[in-house]
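Read the structure below first, then the notes.
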Amino acid sequence: MSDSTQNPPPEERPDTPPPGPPPPPPGQGSYHPGAAPPPMQAAPGVGQPADLWPRFFARGIDFILLAVVNAFIVGFIIVGVIMGSTATGAGFGIGSNFAASAVSSILSAAIALGYFSFMESSTGQTLGKMVLKLETRGPDGGHPTLEQALRRNAWTAIGVIGVLPIIGGVLSGILSLVAVITIAVTISNNTATRQGWHDDFAGGTTVVKIG
Numbered sequence: 015m016s017d018s019t020q021n022p023p024p025e026e027r028p029d030t031p032p033p034g035p036p037p038p039p040p041g042q043g044s045y046h047p048g049a050a051p052p053p054m055q056a057a058p059g060v061g062q063p064a065d066l067w068p069r070f071f072a073r074g075i076d077f078i079l080l081a082v083v084n085a086f087i088v089g090f091i092i093v094g095v096i097m098g099s100t101a102t103g104a105g106f107g108i109g110s111n112f113a114a115s116a117v118s119s120i121l122s123a124a125i126a127l128g129y130f131s132f133m134e135s136s137t138g139q140t141l142g143k144m145v146l147k148l149e150t151r152g153p154d155g156g157h158p159t160l161e162q163a164l165r166r167n168a169w170t171a172i173g174v175i176g177v178l179p180i181i182g183g184v185l186s187g188i189l190s191l192v193a194v195i196t197i198a199v200t201i202s203n204n205t206a207t208r209q210g211w212h213d214d215f216a217g218g219t220t221v222v223k224i225g
């Protein structure tokens, strides 16, 4: 009887999946279908106090829009009615020019103060701030109250001094310029919160960047 040597059958091994792609280097993530999307990164400066120049340009846009509104409401309607009534002999006589100037000063001041106060207390933004992606916030972080917005923008109504005869227009122009310069200087000097004196006068309002 001869010995016969049987080789054992080859061992069956489960198929080994091919190796996947190497992991991304540190600091470089990758997005795979079905995975949660990476978190959105906020734009630089968002939520931080806005600097002087964006605020300056936002105010400039607002004042240009107000100048157009005043030209129609004050210039063509109110002053036109007064000057027209003077031409028919039913006006103010020699005081017609003063009356037109007084009405113009009062309405322009009311329109400016009402515009800024209403927009900031209701939405936190004027049209200029919407364009520059800025927002005014009250001391508690929400929209300013109407009182805070009125106090913050009270300087925009300085033009009402124009009702004074002879010196009213010049005086209101000088005081408005002083207010603007003071606001600019105090915003520039306050590097922490960028609050101007009008923000302090309103109880601590701030203007922040939102986009």
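In this note's numbering, the protein residues as written are 15 to 225.
Note that the Cβ used here is the ideal one computed from N, Cα and C, for glycine as well.
With 16 other Cβ atoms within 10 Å as the buried cut-off, status of residue i
i	result
N111	exposed
V184	exposed
Q62	exposed
V60	exposed
L164	buried
G173	buried
D86	The residue asked about is misnamed: residue 86 is Phe in this sequence, not Asp. So F86 counts as exposed.
T140	buried
I78	exposed
V199	exposed
V82	exposed
G216	Residue 216 is actually Ala in this sequence, not Gly. Under this definition A216 is a buried residue.
G152	buried
A124	exposed
I188	exposed
N84	buried
T205	exposed
G4	Given a span of 15 to 225 for the chain in the structure shown, any question on residue 4 remains unanswerable.
G156	exposed
D213	buried
CA nearest to the CA of residue i, picked from the options
i	options	result
I201	A81, R165, V222 and V145	V222
T207	T219, T196 and F132	T219
R166	D154, S115, I180 and G210	G210
M144	A216, R73 and D65	R73
L160	L127, N84 and G173	L127
F90	P153, A114 and I181	A114
I181	L66, S119 and M133	S119
D154	F70, G138, N204 and P179	G138
G142	A198, D76 and A81	D76
W67	S131, D214 and L146	L146
A116	N203, H212, S186 and D214	S186
Contact belief for residue i with residue j at Cβ below 8 angstroms, rounded distance in angstroms
i	j	result
R69	L148	7 angstroms
P158	S122	Actually they are not in contact, since the Cβ atoms of P158 and S122 sit about 23 angstroms apart, beyond 8 angstroms.
Unbroken stretches of the beta strand (DSSP E), 3 residues or longer, contained in the segment 138 to 181: Inside the segment 138 to 181, DSSP marks whole beta strand (DSSP E) runs of 3 or more residues at positions 148 to 151, from first to last along the chain.
Inter-stretch contact at 8 angstroms, needing at least 3 Cβ pairs: the segment 187 to 195 / the segment 167 to 177: Because the criterion of three Cβ pairs below 8 angstroms is met, the segment 187 to 195 and the segment 167 to 177 touch.
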